[in-house]
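Trainee: Mind looking over this structure? Questions follow.
4 protein chains.
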Amino acid sequence: MNVIALKKTALISALVLGTSAPLVASANAPVVSSNITEAEVLAAQQAWGKALVQISRDFEAGGLNKARETANAVLDAAYGYNMGPVLFKPTLTVAPQTFRTTKEGALAYFVGGDKNYPNDSGFALKGWRAVDVKNTGIHLHGNTAISMGNVSITDKAGKVTTVDKTWGYVKDSTGNLRIVLHHSSLPYSPK
Amino acid sequence: MNVIALKKTALISALVLGTSAPLVASANAPVVSSNITEAEVLAAQQAWGKALVQISRDFEAGGLNKARETANAVLDAAYGYNMGPVLFKPTLTVAPQTFRTTKEGALAYFVGGDKNYPNDSGFALKGWRAVDVKNTGIHLHGNTAISMGNVSITDKAGKVTTVDKTWGYVKDSTGNLRIVLHHSSLPYSPK
Amino acid sequence: MNVIALKKTALISALVLGTSAPLVASANAPVVSSNITEAEVLAAQQAWGKALVQISRDFEAGGLNKARETANAVLDAAYGYNMGPVLFKPTLTVAPQTFRTTKEGALAYFVGGDKNYPNDSGFALKGWRAVDVKNTGIHLHGNTAISMGNVSITDKAGKVTTVDKTWGYVKDSTGNLRIVLHHSSLPYSPK
Amino acid sequence: MNVIALKKTALISALVLGTSAPLVASANAPVVSSNITEAEVLAAQQAWGKALVQISRDFEAGGLNKARETANAVLDAAYGYNMGPVLFKPTLTVAPQTFRTTKEGALAYFVGGDKNYPNDSGFALKGWRAVDVKNTGIHLHGNTAISMGNVSITDKAGKVTTVDKTWGYVKDSTGNLRIVLHHSSLPYSPK
Numbered sequence: 190m191n192v193i194a195l196k197k198t199a200l201i202s203a204l205v206l207g208t209s210a211p212l213v214a215s216a217n218a219p220v221v222s223s224n225i226t227e228a229e230v231l232a233a234q235q236a237w238g239k240a241l242v243q244i245s246r247d248f249e250a251g252g253l254n255k256a257r258e259t260a261n262a263v264l265d266a267a268y269g270y271n272m273g274p275v276l277f278k279p280t281l282t283v284a285p286q287t288f289r290t291t292k293e294g295a296l297a298y299f300v301g302g303d304k305n306y307p308n309d310s311g312f313a314l315k316g317w318r319a320v321d322v323k324n325t326g327i328h329l330h331g332n333t334a335i336s337m338g339n340v341s342i343t344d345k346a347g348k349v350t351t352v353d354k355t356w357g358y359v360k361d362s363t364g365n366l367r368i369v370l371h372h373s374s375l376p377y378s379p380k
Numbered sequence: 190m191n192v193i194a195l196k197k198t199a200l201i202s203a204l205v206l207g208t209s210a211p212l213v214a215s216a217n218a219p220v221v222s223s224n225i226t227e228a229e230v231l232a233a234q235q236a237w238g239k240a241l242v243q244i245s246r247d248f249e250a251g252g253l254n255k256a257r258e259t260a261n262a263v264l265d266a267a268y269g270y271n272m273g274p275v276l277f278k279p280t281l282t283v284a285p286q287t288f289r290t291t292k293e294g295a296l297a298y299f300v301g302g303d304k305n306y307p308n309d310s311g312f313a314l315k316g317w318r319a320v321d322v323k324n325t326g327i328h329l330h331g332n333t334a335i336s337m338g339n340v341s342i343t344d345k346a347g348k349v350t351t352v353d354k355t356w357g358y359v360k361d362s363t364g365n366l367r368i369v370l371h372h373s374s375l376p377y378s379p380k
Numbered sequence: 190m191n192v193i194a195l196k197k198t199a200l201i202s203a204l205v206l207g208t209s210a211p212l213v214a215s216a217n218a219p220v221v222s223s224n225i226t227e228a229e230v231l232a233a234q235q236a237w238g239k240a241l242v243q244i245s246r247d248f249e250a251g252g253l254n255k256a257r258e259t260a261n262a263v264l265d266a267a268y269g270y271n272m273g274p275v276l277f278k279p280t281l282t283v284a285p286q287t288f289r290t291t292k293e294g295a296l297a298y299f300v301g302g303d304k305n306y307p308n309d310s311g312f313a314l315k316g317w318r319a320v321d322v323k324n325t326g327i328h329l330h331g332n333t334a335i336s337m338g339n340v341s342i343t344d345k346a347g348k349v350t351t352v353d354k355t356w357g358y359v360k361d362s363t364g365n366l367r368i369v370l371h372h373s374s375l376p377y378s379p380k
Numbered sequence: 190m191n192v193i194a195l196k197k198t199a200l201i202s203a204l205v206l207g208t209s210a211p212l213v214a215s216a217n218a219p220v221v222s223s224n225i226t227e228a229e230v231l232a233a234q235q236a237w238g239k240a241l242v243q244i245s246r247d248f249e250a251g252g253l254n255k256a257r258e259t260a261n262a263v264l265d266a267a268y269g270y271n272m273g274p275v276l277f278k279p280t281l282t283v284a285p286q287t288f289r290t291t292k293e294g295a296l297a298y299f300v301g302g303d304k305n306y307p308n309d310s311g312f313a314l315k316g317w318r319a320v321d322v323k324n325t326g327i328h329l330h331g332n333t334a335i336s337m338g339n340v341s342i343t344d345k346a347g348k349v350t351t352v353d354k355t356w357g358y359v360k361d362s363t364g365n366l367r368i369v370l371h372h373s374s375l376p377y378s379p380k
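Residue numbers (the numbering used here), protein chains in the order written: chain A, 190 to 380; chain B, 190 to 380; chain C, 190 to 380; chain D, 190 to 380.
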């Protein structure tokens, strides 16, 4: 029963339309929902930030192999690569490898060390300590959701980097939100 | 803004992962949802019952033309015939006109008087006074929902008829729930 | 990649609006879809009919235990009891056990032999040989779908029973359609 | 009937399970779908490009008022501001007005001339002549869809600007796709 939100709500569905009609209260009925809630989106965002910091800490404590292991687990658990190509545009990628629709491409971006992605130095290895999400808006449509806003990440020197970020989620059958869209970009800087 | 549920919720999405990291609270973000809620399903059920009683009362007060006018308005407002064929199996129809996928067929069932539907005597004209819905369960999937349960309708003599009923809804762009599925049947009676 | 429909379609998304602008053809892009198709609904209906016949044959060849084993497997694979209460109103059930929202209730209906459901004699054990589905209409809404129509089942004596039937499906993350709604009723018979 | 995709498909849903069972073909059944198709996404993308060029041409032919009128009509027809805040991050906006969740903010971005948005010079006024969309991938989830890829826009001097772009759509009840998500960014440029 972990798949769905099951709720027993006291409800009055009796419909009384004549003056002498008795009031009849309906019994509670179970509700099954496949919809993503706002709380689930916020939790998924926090989990993403926590994972980014964890990869940084694991890199510092256990080296690249440990960091790669953690990043691999994060991609398996929190992204939708098992469902097909993920629409992932990381912050710092360049053409012709801007988009990372495969898990391999995403892993290379986060931890580097992949000769097929020579420009990747490992975004998640840069000493991140905290992530703050400021949502501009959230859309909930059935088992999908999208959010847009600013994400600020702080490194161990206290330096804060803020990006414009869009995430799109799909809830799978086990109730887990998976990122199927991730567009991150540095703020536009007029010359 | 009547289309969607817009909600400002105080939320803490700050993610604090180091002992010295400051707690940062995210500003409220608007949430747009196209999902049907349980409350909307219950309200749609009540509206259906209220409409059935209204047609009966209008028939008594204003005759068949008045009843037909009301039934016509109900079908326009509460059913999804504007979206295509509605999956409607009324309680008392017989083959080859069991299913009423067109508005004309539904109107004939509710108020009769249509020579193309010679077996229809006007289900909504039978002096209904109250409708009680007892849901067995409700499923919410994005802008669609389904409910199953018993519906008991009481006539002016106090006689109660109970049917097994399934409704399926789609929420349109104006936020209105429309019935796109309606399967009603008398309880099975073993011989 | 079995989860989703992945399609490479040649497409021209170049937009040429000036007379001298060159025609540019976009490369193929992969498409990920969680939507149920008409073909999937039809296949699920056929699978349901095939399963019903299989239970009958297994009962004849291997007795009640074999039939129950098969029915159990069918309920696990083709119904959504793992997602929560299923909205199941079988053809021949009576109050207060009309609705079978639990797997136990559904199993009792199909193969009987459950003292908690004393009126159940095992609907699937009655020598069924063929199932024919005549859809009146199908609705496709994302990863859900509903169908309504007549289902005619033929037993080994050649006797045909026709019911009015509604099915509702949800596609799970593995791409499998699961029945979350099933309302079946004998045709109305005017006295 | 313009709301939905209505399709009559020849289908064989007959289920033949015994060697002597007759083959029975089901009649065609109408199919109602609220799902967005790949073709609809591609058409919406082309319409966006065409609209951008039209605003440029209208500005050249009719001045700012004409351009604003066209841009206003485009926002009303192709964006989802009527459904609530749109998640719009244009290419060239800067904090604190990075996100344009209101129609006013979007209009200011496209045609400028709004004192409340002093940094906006009118992106759509810059002599655009052609728009080419190269999708990296498209996701279809019910009445929503998202696309990611490169969009290259050519001005009247032949200069091409390429951006990374994500669009999210919702199909409304009239069958019209509306942009509810639009994240556009210049390619990352390593120092």
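Glycine is no exception: its CB is placed at the ideal position from the N, C-alpha and C atoms.
Keep in mind the model is a prediction, meaning the values are calculated, not measured.
Of the residues that make up the segment 214-238 of chain A, which ones have a beta carbon closer than 8 Å to any beta carbon in chain B?
Mentor: For the segment 214-238 of chain A, which is checked against every Cβ of chain B, the residues closer than 8 Å are Ser-215, Ala-216, Ala-218, Pro-219, Val-220, Val-221, Ser-222, Ser-223, Asn-224, Glu-227, Leu-231, Gln-234, Gln-235 and Gly-238.
Trainee: Can you look up C:Lys-380 in the DSSP assignment and give me helix, strand or coil?
Mentor: Correct three-state label for C:Lys-380: coil.
Trainee: Using a Cβ cut-off of 9 Å, which residues of the segment 265-285 of chain A contact any Cβ in chain C, in chain order?
Mentor: So the list reads Gly-269, Asn-271, Met-272, Gly-273, Pro-274, Val-275 and Leu-276, given in the order they occur along the chain.
Trainee: Could you tell me whether the segment 270-288 of chain D touches the segment 234-245 of chain D, where touching means 3 or more Cβ pairs closer than 8 Å?
Mentor: The segment 270-288 of chain D is not in contact with the segment 234-245 of chain D.
Trainee: Any residues in the segment 327-360 of chain D with a beta carbon nearer than 9 Å to a beta carbon of chain A? Which ones, in chain order?
Mentor: Residues passing the 9 Å Cβ filter: Ile-327, His-328, His-330, Gly-331, Asn-332, Thr-333, Ile-335, Ser-336, Met-337, Gly-338, Asn-339, Thr-351, Asp-353, Lys-354, Thr-355, Gly-357 and Val-359.
Trainee: Within 8 Å (strictly less), CB to CB, does C:Leu-375 reach chain B?
Mentor: It does: the Cβ of C:Leu-375 has a partner Cβ on chain B nearer than 8 Å.
Trainee: Does the segment 314-326 of chain A come within contact of the segment 256-269 of chain D, defined as at least 3 CB pairs closer than 8 Å?
Mentor: No contact exists between the segment 314-326 of chain A and the segment 256-269 of chain D.
Trainee: Could you check the C-alpha separation between C:His-330 and C:Val-359 for me, to the nearest Å?
Mentor: If I take the Cα positions, the gap works out to 10 Å.
Trainee: Ends of the beta strand (DSSP E) at A:Gly-326?
Mentor: Unbroken beta strand (DSSP E) run through A:Gly-326: 317-330.
Trainee: How is C:Ile-225 classed by DSSP in three states: helix, strand or coil?
Mentor: Residue state, collapsed to three classes: coil.
Trainee: Is B:Asp-247 helix, strand or coil by DSSP?
Mentor: In this structure, B:Asp-247 counts as helix in the three-state DSSP scheme.
Trainee: Just mark A:Ala-346 as buried or exposed, buried being the case when its beta carbon has 16 or more other beta carbons within 10 Å.
Mentor: Flag for A:Ala-346 reads exposed.
Trainee: How many whole angstroms separate the CB atoms of B:Asn-305 and B:Ala-297, which I take to be in contact at a CB cut-off of 8 Å?
Mentor: That pair is a contact at about 7 Å.
Trainee: Going along chain B in order, which residues have a C-beta closer than 9 Å to the C-beta of C:Phe-299?
Mentor: Those within 9 Å of C:Phe-299 in chain B number zero; the least Cβ separation is about 16 Å.
Trainee: The beta strand (DSSP E) spanning D:Leu-366 covers which residue range?
Mentor: Its beta strand (DSSP E) spans residues 366-374.
Trainee: Are the CB atoms of B:Gly-326 and C:Pro-279 nearer to each other than 8 Å?
Mentor: Contact flag unset, no.
Trainee: Is C:Leu-370 near B:Met-272, with beta carbons less than 8 Å apart?
Mentor: No, the Cβ-Cβ distance between C:Leu-370 and B:Met-272 is not below 8 Å.
Trainee: Judging by CA-CA distance, which residue of B:Val-220, B:Thr-351, B:Gln-234 and B:Ala-313 is the nearest neighbour of B:Lys-255?
Mentor: The residue with the shortest Cα to Cα distance from B:Lys-255 is B:Ala-313.
Trainee: My output table needs one value for C:Tyr-298: the three-state DSSP class, helix, strand or coil.
Mentor: Residue state, collapsed to three classes: helix.
Trainee: Strictly by DSSP, which residues pair up with A:Val-359?
Mentor: For A:Val-359, which the question treats as bridged, DSSP gives the partners A:Thr-333 and A:Arg-367.
Trainee: Consult DSSP for B:Thr-411 and reduce its assignment to one of helix, strand or coil.
Mentor: As shown, chain B starts at 190 and ends at 380. That puts residue 411 of chain B outside it, with no answer to give.
Trainee: Give me the residue from D:Lys-315, D:Gly-316 and D:Leu-281 with the minimum Cα distance to D:Pro-307.
Mentor: Selected option, being the one with the closest Cα: D:Leu-281.
Trainee: Would you please state the rounded distance, in angstroms, between the beta carbons of A:Asp-309 and A:Gly-301? I believe it to be under 8 Å.
Mentor: Rounded, the Cβ-Cβ distance is 5 Å, consistent with contact.
Trainee: Please decide whether B:Thr-381 counts as near chain A, where near means a Cβ-Cβ distance under 8 Å.
Mentor: For chain B, the structure presents residues 190 to 380; residue 381 of chain B sits outside this window and is missing.
Trainee: Compute the distance between the beta-carbons of C:Asp-353 and C:Pro-376, then report whether it is under 8 Å.
Mentor: Yes.
Trainee: Any beta carbon from chain A within less than 8 Å of C:Ser-245's own beta carbon?
Mentor: By this cut-off, C:Ser-245 is not an interface position.
Trainee: Does the beta-carbon of C:Ala-334 have 16 or more other beta-carbons within 10 angstroms, so that it is buried, or is it exposed?
Mentor: It counts as buried.
Trainee: Taking 6 Å as the limit between beta carbons, can you name the residues of its chain near A:His-372, skipping five residues before and five after?
Mentor: So the list reads Lys-278 and Thr-355, once near-sequence residues are dropped.
Trainee: From B:Asp-361 to C:Tyr-268, what does the alpha carbon distance come to, in whole angstroms?
Mentor: If you take the alpha carbons of B:Asp-361 and C:Tyr-268, they lie about 28 Å apart.
Trainee: Taking just the CA atoms, how far does C:Thr-291 sit from C:Arg-257?
Mentor: Going from the Cα of C:Arg-257 to the Cα of C:Thr-291 covers about 16 Å.
Trainee: Count the other CB atoms, across all protein chains shown, that sit within 10 Å of the CB of D:Asp-265; report buried if there are 16 or more and exposed otherwise.
Mentor: Result: exposed.
Trainee: Give me the Cβ distance between A:Asn-332 and A:Ile-225, rounded to the nearest whole Å; I'm assuming they're in contact under 8 Å.
Mentor: Right, the Cβ-Cβ distance comes to about 6 Å (below 8 Å), so this counts as a contact.
Trainee: Look at the alpha carbon of C:Glu-293 and the alpha carbon of B:Glu-249, and state the distance between them as a whole number of angstroms.
Mentor: Whole-angstrom Cα-Cα distance: 47 Å.
Trainee: Roughly how many angstroms separate the alpha carbons of C:Ala-218 and D:Leu-231, rounded to a whole number?
Mentor: Distance between the alpha carbons of C:Ala-218 and D:Leu-231: 11 Å.
Trainee: Mapping DSSP to helix, strand and coil, what is C:Gly-252?
Mentor: Three-state DSSP puts C:Gly-252 in a helix.
Trainee: Taking only beta-carbon positions, decide if B:Ser-362 is within less than 8 Å of chain D.
Mentor: Interface residue, yes.
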